[in-house]
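Report on the structure given below.
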Amino acid sequence: MDEPFTGVDVKTENAIIDLLQQLREEGHLILVSTHNLGSVPDFCDQVVMINRTVIAAGKNRRHL
Numbered sequence: 001m002d003e004p005f006t007g008v009d010v011k012t013e014n015a016i017i018d019l020l021q022q023l024r025e026e027g028h029l030i031l032v033s034t035h036n037l038g039s040v041p042d043f044c045d046q047v048v049m050i051n052r053t054v055i056a057a058g059k060n061r062r063h064l
């Protein structure tokens with residue numbers, strides 16, 4: 001998903017997060033790209049941050 005939280009209200013953002021959690025629990029792989037690290041949900045299994053040629057990876061945004 002490309003920027004799924006851009007331009008949506010809090011209620012819609014929570015609905016998207018609930019759907020992504022449900023899909024994850026069903027075993028689906030979900031790839032989300034965003035420019036706002038603050039919107040990266042804590043339920044992600046892995047987070048990769050790419051800034052030009054610098055790449056950082058961790059289990060969630062707190063590890064970056």
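Position 58, counted from 1, in the sequence shown is what UniProt numbering calls 58; the numbers after and before it change by one each time, with no gaps. Just so it is clear, CB atoms sit at the ideal spot from N, CA and C, and this is done for glycine as well.
Exposure of Val47, with buried meaning 16 or more beta-carbon neighbours within 10 Å: Per the 10 Å Cβ criterion, buried.
Return the chain-ordered list of same chain residues with a C-beta closer than 8 Å to the C-beta of Ser33, the five sequence neighbours on each side being excluded. Met1, Asp2, Glu3
Opposing strand residues paired with Ile17 [DSSP bridges]: Ile17 pairs with nothing; no bridge assigned.
Along the beta strand (DSSP E) that carries Ile50, what are the first and last residues, could you check? 47-51
Using a Cβ-Cβ cutoff of less than 8 Å, which residues in the same chain neighbour Phe5 once the five nearest sequence positions on both sides are dropped? In the same chain as Phe5, and ignoring 5 residues on each side of it, the C-beta atoms closer than 8 Å to its own belong to Glu13, Ile16, Thr34, Asn36, Ser39, in chain order.
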